[in-house]
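Read top to bottom, the protein sequences are chains W and A. Per my numbering, numbering of the first sequence is gapless, rising by one per residue and ending at 1219. Per my numbering, numbering of the second sequence is gapless, rising by one per residue and ending at 1219. Using N, Cα and C, we set each Cβ at its ideal position, and we do this for glycine too. All values reported here derive from a predicted model rather than from experimental measurement. Heads up, the thing below is written out as structure tokens.
Number of protein chains: 2
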Amino acid sequence: MTGAYSITELSREFTVTPRTLRFYEDKGLLSPIRQGTTRIYSDRERTRLKLVLRGTRLGFSLQECREIIDMYDPTSRLNTRQLLRLCTKIREHRNALLAKMRDMEATLSAMDEVEQTCLGALIANAA
Amino acid sequence: MTGAYSITELSREFTVTPRTLRFYEDKGLLSPIRQGTTRIYSDRERTRLKLVLRGTRLGFSLQECREIIDMYDPTSRLNTRQLLRLCTKIREHRNALLAKMRDMEATLSAMDEVEQTCLGALIANAA
DNA sequence: CTACAGTTTGACGTTTACGTCAACTTTTGT
DNA sequence: ACAAAAGTTGACGTAAACGTCAAACTGTAG
Chain W
1093 MTGAYSITEL
1103 SREFTVTPRT
1113 LRFYEDKGLL
1123 SPIRQGTTRI
1133 YSDRERTRLK
1143 LVLRGTRLGF
1153 SLQECREIID
1163 MYDPTSRLNT
1173 RQLLRLCTKI
1183 REHRNALLAK
1193 MRDMEATLSA
1203 MDEVEQTCLG
1213 ALIANAA
Chain A
1093 MTGAYSITEL
1103 SREFTVTPRT
1113 LRFYEDKGLL
1123 SPIRQGTTRI
1133 YSDRERTRLK
1143 LVLRGTRLGF
1153 SLQECREIID
1163 MYDPTSRLNT
1173 RQLLRLCTKI
1183 REHRNALLAK
1193 MRDMEATLSA
1203 MDEVEQTCLG
1213 ALIANAA
């Protein structure tokens, strides 16, 4: 495991362009190692990429994605103060997520309602 | 009811700028009536605005928001063909939403995991 | 050795979603 | 009647998130 992917391999797997991967690197979201000047992506980078894409799909900015992912990925040993700060961050981000969840549920149930109306109208039309 | 709001009233209620409301109008998301040249927003527009903001928070583009909201708001009587098309659209948008839901649940449970690790480390540090 | 497929670094372009004036008209309190 | 407050239409600016070349380098199969 702990695969080594080229930039096009990885970009194809997630149907993004190489430019996107370079851009994310520029923004500090990915940091592939270099073999000479060529980028090599490990499974860790692959996972981070997956998380970035998940985050953007949920409407988070790349900045926010970075914050979130860096929480997930405690690259170093943390002292008590840092751990407490991390807990606070987790709480914040979770609250943001739960708010979105509520938005989502509201949207979903509204959609269901429209569908009911729609189906009702179809039945009426059929009569 | 069926209130009449000025542009600043409405913008303040939702903590956006008047510019935003004019922009949404330009994009066909809102269509306040005019009293002379001045915009007057009804409760219908207020609701639409609420839905736009909800949509953007969920990472939908204004285009997508418009599609979704226009479904909710069947302004005219629809024939069977149109109703069937609407049902299809609802299905599509719901699927998109459910996909986001899954992304969200994954993110949430990952966060919970990080928190557990974090709390565990805190306890270890306290010992 | 060389042709070619893949990669790299700029650098400028584009789309979305507004922000920020400016210049002007309209409405309203006193 | 008149100044302040609110509203209108341009027009240009901006930040985020990439797209799209161009020019040069590199590694590899034939």
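Put simply, the CB of W/Thr1172 is near chain A, with a gap under 8 Å to one of its CB atoms. Of all alpha-carbon atoms in W/Arg1131, W/Asp1135 and W/Glu1105, the one lying nearest the alpha-carbon of W/Thr1094 is that of W/Asp1135. Under the 8 Å criterion on CB atoms, A/Cys1179 is classed as interfacial with respect to chain W. By the Cβ criterion, the region 1096-1109 of chain A is in contact with the region 1136-1143 of chain A, since at least three pairs of Cβ atoms, one from each stretch, lie closer than 8 Å.
Annotation: W/Gln1155 to A/Met1193 spans about 21 Å, alpha carbon to alpha carbon. Look at A/Asn1217: its C-beta is under 8 Å from a C-beta on chain W. For the region 1183-1209 of chain W, the beta-carbon criterion of a distance under 9 Å to any beta-carbon of chain A is satisfied by Arg1183, His1185, Arg1186, Leu1189, Leu1190, Ala1191, Lys1192, Met1193, Asp1195, Met1196, Glu1197, Ala1198, Thr1199, Leu1200, Ala1202, Met1203, Asp1204, Glu1205, Val1206, Glu1207 and Thr1209. In terms of CA proximity to A/Thr1180, W/Asp1204 leads the group W/Gly1128, W/Asp1204, W/Lys1142 and W/Phe1106.
Unbroken alpha helix (DSSP H) runs of no fewer than 4 residues, entirely contained in the region 1122-1162 of chain A, are found at 1135-1149, following chain order. Taking the beta carbon of A/Tyr1164 as reference, the chain W residues within 7 Å of it are Ala1202 and Val1206, listed in sequence order. When the alpha-carbon of W/Ile1182 is set against those of A/Thr1199, A/Val1108 and A/Pro1166, the nearest one is in A/Thr1199. Secondary-structure assignment with DSSP links A/Tyr1097 through a beta bridge to A/Tyr1133. A straight line joining the alpha-carbon of A/Thr1209 with that of W/Glu1184 spans about 17 Å.
A/Leu1170 sits close to W/Ala1213, with the two beta carbons spaced by under 8 Å. Contacts with chain A at 8 Å (Cβ-Cβ) do not include W/Arg1138. Considering only beta carbons, the part of the region 1119-1149 of chain A lying closer than 7 Å to chain W consists of Arg1146 and Arg1149, in chain order. Cβ-Cβ separation between A/Arg1149 and W/Gly1151: approximately 6 Å, consistent with a contact (criterion under 8 Å). Cβ-Cβ distances below 8 Å link W/Pro1110 to Ile1099, Thr1100 and Ser1103 in the same chain, with the five nearest sequence neighbours on each side left out; the list follows chain order. When the five nearest sequence neighbours on each side are left out, the beta carbons in the same chain lying within less than 8 Å of the beta carbon of W/Ile1161 are those of Leu1121, Arg1140, Leu1143, Val1144 and Gly1147, in order along the chain.
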